[in-house]
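Heads up, the sequence shown is in the working numbering, so the first residue is 3 and it goes up one at a time. Only one structure is covered here, and it is reproduced in the block below.
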Amino acid sequence: MRFSSDERVLILGASGFVGSRLLSELLKINVKLRLFVRDKAKVADLIIDHNDIEIFQGDLLSGRGLKEALRGVHSSYYLVHSMGGKSIFKNTEYAEKDKICARNFISTANEEGLKRVIYLGALGDENDELSEHLKSRLEVADILTSGKPAATILRAAIIIGAGGASFEMLRYLDERLPVMACPKWIDTRIQPIALRDVLSYLVGCLVSPDTAGKTFDIGGPEIMTYREMMQAYAEARGLPKRIIFQVPFLTPLLSAYWVDLITPVPSGIAHPLIEGLRNDVVCKDNSIDRYVSVKKTPFREAVKIAFSEEKDGPGITGF
3 MRFSSDERVL ILGASGFVGS RLLSELLKIN VKLRLFVRDK AKVADLIIDH NDIEIFQGDL
63 LSGRGLKEAL RGVHSSYYLV HSMGGKSIFK NTEYAEKDKI CARNFISTAN EEGLKRVIYL
123 GALGDENDEL SEHLKSRLEV ADILTSGKPA ATILRAAIII GAGGASFEML RYLDERLPVM
183 ACPKWIDTRI QPIALRDVLS YLVGCLVSPD TAGKTFDIGG PEIMTYREMM QAYAEARGLP
243 KRIIFQVPFL TPLLSAYWVD LITPVPSGIA HPLIEGLRND VVCKDNSIDR YVSVKKTPFR
303 EAVKIAFSEE KDGPGITGF
């Protein structure tokens with residue numbers, strides 16, 4: 003099960019928020035990469051001056067191109083997850099599509115002899131009455147662990163990094179609204195994690211064979227409520243303390259439309275994220291630290307790093 007640098011690693015979701023950054027981190031340790039994408043143009047800028055990266059075009063939902071992409075591959079990162087469309091009324095479709103994609107992948111991986119799959123999922127357990135978004139992430143993890151490849155499942159809460167939907171929602175709300183009316187779940191507990199720490203765990207799991215076949219919770223050094231997280235963001239940005247009050251009748255649906263109005267995050271994406279506010283997403287164990295050593299980034303530092311990576315947005319000159 004030990005990984006060799008001579009073996010090819012496949013990334014599904016290489017053009018996404020996490021995948022595009024992971025690609026760069028893996029190249030730093032000379033991993034031979036293969037990307038499976040729907041549109042090659044979306045990764046063109048990511049692979050400049052790297053002629054050894056193989057790109058396979060296909061479609062995970064239909065399974066087109068999967069067999070060819072998985073052939074001869076040792077390990078694969080599964081970083082694919084939909085969040086609904088621009089409209090809330092598309093949200094009922096995404097969970098079923100995610101399950102179809104995962105089944106197509108693991109079926110083909112079984113046939114092609116894939117040794118390992120590493121999946122970035124979400125914190126939360128079935129007995130927590132999960133939101134549809136978190137339940138979908140858990141279902142995908144279950145599908146991936148049902149196959150022949152040894153699955154490593156990493157479960158995270160909100161990831162603090164430029165371009166991530168949850169972070170962008172937080173950023174725009176905090177930067178634009180000194181006074182905020184929030185749903186009753188504003189005091190739910192969360193354990194945010196810096197993007198760079200997520201990347202370290204993803205890379206570390208690949209090169210640590212003992213992580214194969216295991217599920218790990220990953221999080222930053224602080225546990226806070228969403229209310230506290232918003233105040234900590236404001237502090238990190240040098241903003242005045244935010245006035246946040248709870249409105250019991252503010253439903254996830256109304257909140258999603260409000261977020262759509264204030265931020266660039268469409269209501270169809272905001273709605274499943276906001277529904278997830280009702281669930282505590284806190285690490286139940288830190289066993290990952292026995293296998294992968296990561297110096298965890300404090301929340302305020304993670305915010306400063308993420309903000310420094312932004313090219314536009316509230317608080318950026320010229321926006």
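For every residue, glycine included, the Cβ atom is placed at its ideal position computed from N, Cα and C.
According to DSSP, simplified to helix, strand and coil, what is residue i?
i	result
Ile-192	strand
Ile-90	Low local confidence applies: a pLDDT of 46 at Ile-90 is under 50, so the model's placement there is unreliable, and no value is given.
Asp-176	helix
Phe-247	strand
Ala-164	coil
Arg-239	coil
Ala-97	helix
Ala-124	strand
Gly-21	helix
Ala-214	coil
Asn-288	coil
Ser-138	helix
Ser-148	coil
Ser-64	coil
Select from the options the residue whose C-alpha is nearest the C-alpha of residue i.
i	options	result
Val-39	Lys-99, Asn-281, Asp-189 and Phe-58	Phe-58
Phe-169	Phe-301, Arg-105 and Thr-147	Phe-301
Ile-161	Glu-9, Asp-47 and Ile-307	Ile-307
Asp-189	Glu-311, Leu-14, Met-231 and Ala-143	Met-231
Leu-28	Ile-155, Leu-81 and Ser-202	Ser-202
His-83	Gly-115, Glu-56 and Leu-136	Leu-136
Leu-116	Gly-65, Lys-286 and Ala-152	Ala-152
Val-249	Gly-163, Arg-178, Ile-108 and Cys-184	Cys-184
Ala-143	Lys-150, Tyr-121, Gly-163 and Ala-159	Tyr-121
Val-284	Ala-234, Ala-158, Lys-69 and Leu-140	Ala-158
Asp-54	Glu-9, Arg-73 and Gly-21	Glu-9
Val-45	Leu-25, Asn-32 and Glu-70	Leu-25
Thr-154	Leu-175, Val-119 and Ala-111	Val-119
Leu-156	Gly-163, Ser-109, Gly-206 and Gly-240	Gly-206
Arg-239	Arg-173, Ile-195 and Asn-281	Arg-173
Asp-41	Leu-35, Ile-195, Gly-67 and Val-20	Gly-67
Ala-43	Gly-65, Gly-60 and Gly-74	Gly-60
Lys-69	Glu-98, Asp-212, Glu-113 and Thr-299	Glu-113
Ala-214	Ala-124, Thr-147, Val-20 and Ala-97	Thr-147
Within the continuous beta strand (DSSP E) that includes residue i, where are the two ends?
i	result
Ser-77	75 to 80
Phe-218	217 to 219
Val-11	10 to 14
Phe-58	56 to 59
Name the one or two DSSP bridge partners that residue i has.
i	result
Arg-153	With the sequence shown as reference, residue 153 is identified as Ala, and Arg is not the correct amino acid for it. Answer by DSSP bridge pairing, in chain order: Val-119.
Leu-34	Leu is not the amino acid found at residue 34; the sequence shown has Lys there. BP columns for Lys-34 point to Arg-10.
Met-182	Ile-246
Thr-227	Arg-191
Val-283	Ile-192
Val-39	Gln-59
Ala-111	BP columns for Ala-111 are empty, so no partner.
Buried or exposed: which applies to residue i, given that a residue is buried once 16 or more other Cβ atoms fall within 10 Å of its Cβ?
i	result
Gly-166	buried
Gly-320	Residue placement at Gly-320 is flagged as unreliable, the pLDDT there being 36, under the threshold of 50; the coordinate-derived value follows with that caveat. Classification for Gly-320: exposed.
Pro-242	exposed
Phe-247	exposed
Ile-13	buried
Arg-23	buried
Arg-198	buried
Gly-221	buried
Ala-16	buried
Asn-288	exposed
Pro-180	exposed
Glu-311	exposed
Ser-344	Only positions 3 to 321 of the chain appear in the structure, and residue 344 is not among them; the question remains open.
Glu-177	buried
Arg-292	exposed
Asp-219	buried
Asn-281	buried
Asp-100	buried
For the alpha helix (DSSP H) that residue i lies in, which residues bound it at each end?
i	result
Cys-207	197 to 209
Ala-159	Segment: none, Ala-159 is in no alpha helix (DSSP H) and carries neither H nor E.
Ile-307	301 to 311
Lys-298	Lys-298 -> no alpha helix (DSSP H), and no H or E assigned at all.
Ala-71	68 to 72
Does the CB of residue i have a neighbour CB from chain B at under 7 angstroms?
i	result
Lys-42	Annotation note: the requested chain B is absent from the structure, which comprises a single protein chain.
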